[in-house]
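Chemist: There's a structure below that I have some questions on.
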Amino acid sequence: MMRQQFHCSTRRVGFTLVELLVSITVTAIIAASVAATVSAVAVGMQGQDDAAQEVARLARGQARIADHLFRARMILSESTTVATLWLPAETFDGSATNATEYDTIHGNELRWYVVDRTNRVISMQRVSNTLNRTVYPLATDWAALRTTLAASGSLVTTTVLEGVLEATFRFTTFNPCADRRLVLDIQLDDDHGGMNFELGGIIDALQRHSDCQ
């Protein structure tokens with residue numbers, strides 16, 4: 348007689364309460380880790396975006412100053428907060444008329460770079476009348492002229508850089524007939540990165556005014 352043997356097996360279905368709690372805990376830890384990673388990546392990307400925006404702003408400001416220095420004939424005056432540039436408007440074509448005009452400082456050829464600490468900006472000012480051909484001698488008090496023109500509403504102001512906590516033009520002594528370097532030391536406020544840097548450059552070919560000795 349053959350006997351059939353039957354093996355009974357029991358399979359557990361589902362988790363015990365302890366296993367379920369462990370599983371939930373592990374899942375929560377993993378989820379928190381993923382969330383923290385995503386948050387860190389988001390913050391990092393935001394920081395990179397902010398930094399990129401600040402670099403772009405600084406590049407635009409430097410480009411404007413560099414362009415004016417490239418076209419400038421002289422730096423007419425400089426203090427810790429204001430610098431005056433002379434940008435001849437005439438075409439340098441060798442004609443007698445333009446040669447004479449080129450040697451003359453006219454109102455529409457003046458550019459003032461101003462540190463406005465109250466509004467935390469660096470601005471550039473020029474006369475609003477682009478046809479202003481008023482002639483000024485080299486010995487003009489350029490700071491006083493700017494004040495007079497501003498009081499009469501004759502200046503147009505363009506913001507070059509915002510978020511400036513502190514800024515000053517760097518120089519020891521100034522001589523318009525010899526100095527051709529313009530350097531502006533700037534510290535941005537915390538909302539704009541808090542960086543310290545400098546803007547400016549040099550006039551490659553200083554062309555002295557006829558009044559220079």
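The opening residue of the sequence shown carries number 348 in our numbering; numbering runs sequentially from there.
Beta carbons: idealized from backbone N, C-alpha and C, even for Gly.
Do the segment 398 to 411 and the segment 530 to 550 touch if we need at least three Cβ pairs shorter than 8 Å?
Modeler: Counting Cβ pairs under 8 Å, three or more are found: they touch.
Chemist: Taking contact to mean at least 3 C-beta pairs separated by less than 8 Å, is the segment 492 to 512 in contact with the segment 454 to 470?
Modeler: Counting Cβ pairs under 8 Å, three or more are found: they touch.
Chemist: Under the three-state reduction of DSSP, which class applies to Ala-514: helix, strand or coil?
Modeler: Reduced to three states, the DSSP call for Ala-514 is strand.
Chemist: Using the rule of at least 16 other Cβ atoms within 10 Å of the residue's Cβ for burial, across every protein chain shown, is Ser-424 buried or exposed?
Modeler: The residue is buried, with at least 16 neighbouring Cβ atoms inside 10 Å.
Chemist: Excluding the 5 residues preceding and the 5 following His-415 in the sequence, name in chain order all residues of the same chain whose CB lies nearer than 7 Å to its CB.
Modeler: Once the five neighbours on either side are set aside, the close Cβ partners of His-415 are Leu-432, Leu-434, Arg-458.
Chemist: Whole angstroms are fine: how far does the CA of Ala-491 sit from the CA of Thr-428?
Modeler: Cα to Cα, Thr-428 sits roughly 13 Å from Ala-491.
Chemist: What are the boundary residues of the beta strand (DSSP E) that includes Arg-458?
Modeler: Counting along the chain, the beta strand (DSSP E) containing Arg-458 begins and ends at 457 to 463.
Chemist: Distance, Cα to Cα, Val-503 vs Ala-413?
Modeler: Roughly 20 Å between the two C-alpha positions.
Chemist: Pull up the distance between the alpha-carbon of Ser-501 and that of Asp-558, whole angstroms please.
Modeler: Spanning the two alpha carbons is a distance of roughly 27 Å.
Chemist: Under 8 Å, do Leu-529 and Ala-430 count as touching if we go by C-beta distance?
Modeler: In contact: Leu-529 and Ala-430 (Cβ atoms closer than 8 Å).
Chemist: Spatial neighbours of Gly-548 within its chain, please: C-beta separation below 7 Å, excluding the five flanking residues on both sides.
Modeler: Within the same chain, Gly-548 has close Cβ partners Ile-412, Ala-413, Leu-416, Leu-529.
Chemist: Please determine, among Glu-448, Ala-399, Ile-422, Val-461, the residue with the shortest C-alpha to C-alpha distance to Leu-553.
Modeler: Selected option, being the one with the closest Cα: Ile-422.
Chemist: Return the CA-CA distance between Phe-518 and Asp-526, expressed in angstroms with no decimal places.
Modeler: Spanning the two alpha carbons is a distance of roughly 10 Å.
Chemist: Taking the beta strand (DSSP E) that Arg-473 belongs to, which residues open and close that run?
Modeler: 468 to 474 is the extent of the beta strand (DSSP E) around Arg-473.
Chemist: For Phe-521, which three-state DSSP category applies?
Modeler: Three-state DSSP puts Phe-521 in coil, outside helix and strand.
Chemist: Is Gln-472 buried or exposed, if buried means 16 or more other CB atoms sit within 10 Å of its CB?
Modeler: That one is buried.
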